[in-house]
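Structure, as structure tokens:
In my numbering, the protein residues as written are 288 to 595.
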């Protein structure tokens, strides 16, 4: 799956430019025997060869056809970052459940029935659902304020703060076919996001809720707590087999809460982070892609490949 003797790395992206352009430039300029480019698709034939050794997927969680293609590519031996089979079943509720079972503090969370569904249904289709829903009991369990957000992991998602039953119902009515969770907000100004690349390289970044930007703290976090965060983030990446993952924490006093375990397509850009943070992430992604292209490792496929 090479071109002109070079290993081929493809990018599937959406509206972002800075990170993909930077990583592609690094791969093309610094790594001999590696070529990086945008993947171009226009319908995929069943017997169509996949030209890429590695695909960095930043958009298949938004466009179902792209997800179908990267699964097809994986079955043809292409290495996908991140694993599309695992990503397809990953949700914020599942990740929170897993981490709670490992004795990591997590916010109180409720997953809610869909407001609408995109399939044909009849009244009897909903016989397993209680009606009417006890909205007050849900709000009482979570407490306030709470965050009402899309259950899916990755990218920019539908999310709103709610404080009352009335606000929750209003946002619920706007949620359409999305599956939503309501999650307790842990009030604290100390929030940290840890990106893990290649299962072991980590960058812990303080995050400002006020500005929506990462920054560098004047007084660094103590080593013990920083190690606790990075150890949890590495453990999560290992559980899921994600090559790129963002884990989010809130520190309230001495208590560490995990508020988002997985984000396989975190937003990476100069408008959000310092130049050093951005450059480090791009350099590590480029190095990861080059290593996976030159020294292939098998992907964990969800089904056994049939023998010829």
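Ideal Cβ placement from N, Cα and C applies to all residues, glycine included.
Asked	Found
Residue 353, DSSP secondary structure in three states	helix
Under the three-state DSSP convention, the category residue 493 falls into	strand
Cα-Cα separation, residue 391 to residue 324	40 Å
Straight-line Cα distance separating residue 335 from residue 361	13 Å
Proximity below 9 Å, CB of residue 295 to CB of residue 340	yes
Integer Cβ distance of residue 377 from residue 551, believed to fall under 8 Å	7 Å
Residue 275 classed as buried or exposed, judged by whether at least 16 other C-beta atoms fall within 10 angstroms	The chain is shown from 288 up to 595; residue 275 falls before or after that span and cannot be answered.
Segment contact, 8 Å Cβ cut-off, at least three pairs: the stretch 529-537 with the stretch 479-486	yes
Close Cβ partners of residue 560 (< 6 Å) along its chain, the five nearest in sequence each way excluded	501
C-alpha distance - residue 290 paired with residue 366, whole-angstrom precision	16 Å
Three CB pairs or more closer than 8 Å across the stretch 426-443 and the stretch 458-477	yes
Helix, strand or coil at residue 303 according to DSSP, with G and I counted as helix	coil
First through last residue of the alpha helix (DSSP H) which encompasses residue 452	452-460
For residue 566, the three-state DSSP class (helix, strand or coil)	helix
Among 584, 494, 591 and 577, nearest to residue 316 - alpha-carbon criterion	577
Distance between residue 403 and residue 490 (C-alpha atoms, nearest Å)	39 Å
At least three beta-carbon pairs within less than 8 Å, the stretch 383-399 to the stretch 444-454	no
Expected contact under 8 Å - CB spacing of residue 496 and residue 519 to nearest Å	That pair is no contact at about 21 Å.
Inter-residue spacing [alpha-carbon to alpha-carbon] between residue 424 and residue 408	28 Å
Distance CB(residue 375)-CB(residue 299) smaller than 9 Å	no
Sequence-distant residues of the same chain with beta carbon closer than 6 Å to residue 372, five excluded per side	589
Reduced DSSP secondary structure (H/G/I, E/B, other) of residue 370	coil
Whole-number beta carbon distance between residue 571 and residue 368, since they are thought to touch under 8 Å	Contact doesn't hold; Cβ gap of about 12 Å is too wide.
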